[in-house]
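To start, the structure itself, in structure tokens.
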Amino acid sequence: MSIQIDWQAFTPISLVGGLMLGVATVILLLGIGRIAGISGIFSSLLKPKRVEMWQILFILGLVISPVLYRLARPLPNVEISTSLPLLIAAGLLVGFGTRLGSGCTSGHGICGNARLSPRSLAATVTFMLLGIVTVYIGRHVLGLL
Amino acid sequence: MLKNIIGLLAGLLFGFGLLVSGMTDPVKVQGFLDVFGAWDISLALVMGGGLFVAFFGVLLAKRQENSWIGTPIDMPSKTVITKQLIIGAMLFGIGWGLVGICPGPGIVLLGTGQWQAYVFIPAMVVGMLVYQWFEPKIG
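Written out as structure tokens, the structure reads:
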């Protein structure tokens, strides 16, 4: 196995997006003292007795962000070719896994690692590794992805 | 009131960041995870950029008694790496690799009208509800 970087697909603008994600988490942390963990905030919507208004509005902000974005510039072209059963299986795994593991790419990957949390570092290494293995097997062994 | 406005603005900015970064494009996400294929390293910049800013945010937060609205600042202090944490991260990693969508981008794709998000997110909700039902049994 050799590693080949696909420079044609490389998009330096991703750095700008990353900085924006950082600013959003800092606004939430300094502004209201809360962690921008998307799976955690989203799952609080499933607990009607405990959900807070800001959590509903945060998720609403995510949903309407492309609507506003489109006013300024065209939305990035997204093509998803994943089959229906795979979409369902992945959704179930992501939902269950992020709750059992207390976070996802935002809560662990950005917020937790910024705190130098050993739990978040362990979680990030684990989900990155499993993501890499899954794409390797799915794409290069089974030819499914 | 201010708390709600900050929540909404943070959600909007987070959504814009996901759109600009390429995280809402599963082809790019899978390209990033495809280390042994044609590796698209762009998304390393997303975590790098996000972490860079968030790191300074955490430094500021540690010097602050309270948040801007006067509430205490949430700093999870658990350090124990449990079986639940690792198994959960493993399951999440597999699901993320299968379609290239994690929770934030999945929710943003609801707003772009991508029909696949209307399958993925309800399935994610079911996964979370199964956990809620399962949680008391595993402690």
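First to last, the protein sequences are chains A and B. Under UniProt numbering, the first sequence has 54 at position 54, and the numbering climbs by one with no breaks. Under UniProt numbering, the second sequence has 17 at position 17, and the numbering climbs by one with no breaks. Glycine included, every Cβ here is placed at the ideal spot set by N, Cα and C.
**Prompt:** On the three-state DSSP scale, how would you describe Ala117 (chain B)?
**Reply:** helix
**Message:** Given a cut-off of 7 Å on the beta-carbon distance, is the pair Leu87 (chain A) and Val99 (chain B) in contact?
**Reply:** yes
**Prompt:** Taking a cut of 9 Å between CB atoms, which residues from the stretch 61 to 79 of chain A lie near chain B?
**Reply:** Gly61, Leu62, Val63, Ile64, Ser65, Pro66, Val67, Leu68, Tyr69, Arg70, Leu75, Pro76, Asn77, Val78 and Glu79
**Request:** Would you check if the distance between the CB atom of residue 177 (chain B) and the CB atom of Ala122 (chain A) is smaller than 7 Å?
**Result:** Since the displayed chain B opens at 1 and closes at 139, residue 177 (chain B) lies outside it and no answer follows.
**Request:** Determine, using beta carbons only, whether Leu130 (chain A) comes closer than 7 Å to chain B.
**Result:** yes
**Prompt:** Out of A:Asp6, A:Gln8 and A:Glu79, which has the shortest C-alpha to C-alpha gap to Trp115 (chain B)?
**Reply:** A:Glu79
**Request:** List the residues of chain B that Pro118 (chain A) touches, going by C-beta distances under 9 Å, in chain order.
**Result:** Thr79, Val80 and Ile81
**C-beta atoms of Leu57 (chain A) and Leu43 (chain B) nearer than 7 Å** = no
**Prompt:** Do you know offhand how far Gly17 (chain A)'s Cα is from Phe52 (chain B)'s?
**Reply:** 12 Å
**Message:** For a test of the three-state rule: what should DSSP assign to Ala114 (chain A), helix, strand or coil?
**Reply:** helix
**Request:** For Trp39 (chain B), return the contacting residues in chain A, with the cut-off set at a CB-CB distance below 7 Å.
**Result:** Ile3, Gln4, Ile5 and Asp6
**Message:** Per DSSP, what are the beta-bridge partners of Pro72 (chain B) in this structure?
**Reply:** B:Asn66
**Asked** Relative to the C-alpha of Thr98 (chain A), which residue among B:Asp34, B:Gly127 and B:Ala61 is closest?
**Response** B:Gly127
**Asked** If we count the other Cβ atoms within 10 Å of its Cβ and call it buried at 16 or more, is Thr24 (chain B) buried or exposed?
**Response** buried
**Asked** How big is the Cα-Cα spacing for Pro48 (chain A) and Ser102 (chain A)?
**Response** 19 Å
**Request:** Take the Cβ of Asn66 (chain B) as the centre, count every other Cβ of all protein chains shown within 10 Å, and call the residue buried at 16 or more, exposed below.
**Result:** exposed
**Prompt:** Exposed or buried, which one is Ala54 (chain B) when buried takes at least 16 other CB atoms within 10 Å?
**Reply:** buried
**Request:** May I ask you to check if the CB of Arg99 (chain A) is nearer than 6 Å to at least one heavy atom of the ligand HEM?
**Result:** No copy of the ligand HEM occurs in the structure displayed, which carries no ligand at all.
**Prompt:** With 7 Å set as the bound, which would you pick, yes or no: does the beta-carbon of Met47 (chain B) sit closer than that to a beta-carbon of chain A?
**Reply:** yes
**Request:** Determine which residues of the stretch 112 to 135 of chain B have a Cβ less than 9 Å from any Cβ of chain A, and write them out in chain order.
**Result:** Thr112, Gly113, Gln114, Trp115, Gln116, Ala117, Val119, Phe120, Ile121, Pro122, Ala123, Met124, Val125, Val126, Gly127, Met128, Leu129, Val130, Tyr131, Gln132, Phe134 and Glu135
**Prompt:** Which residues of chain C have a Cβ atom closer than 9 Å to the Cβ of Gly143 (chain A), listed in chain order?
**Reply:** Of the protein chains in this structure, namely A and B, none is chain C.
**Message:** Quick check: the Cα distance between Thr105 (chain A) and Val29 (chain B), rounded to an integer number of angstroms?
**Reply:** 12 Å
**Prompt:** Is there at least one Cβ from chain A nearer than 7 Å to Met1 (chain B)'s Cβ?
**Reply:** no
**Prompt:** Less than 7 Å separating the beta-carbons of Gly22 (chain B) and Ser14 (chain A)?
**Reply:** yes
**Message:** As a quick exercise: from B:Pro76, B:Leu45, B:Leu19 and B:Leu13, pick the residue whose alpha carbon is nearest that of Gly33 (chain A).
**Reply:** B:Pro76
**Message:** Let me check understanding here. Comparing Cα to Cα, which of B:Ala38, B:Gly70 and B:Phe14 lies closest to Ile3 (chain A)?
**Reply:** B:Ala38
**Asked** The alpha helix (DSSP H) with Ser43 (chain A) in it runs from where to where?
**Response** Ile38 to Ser44
**Request:** Closer than 7 Å by beta-carbon distance: list the chain B residues that pair up with Val94 (chain A), in chain order.
**Result:** Phe92, Gly95, Trp96, Cys102, Pro103, Met124 and Gly127
**Prompt:** With DSSP run on the structure shown, which of helix, strand or coil describes Ile32 (chain A)?
**Reply:** helix
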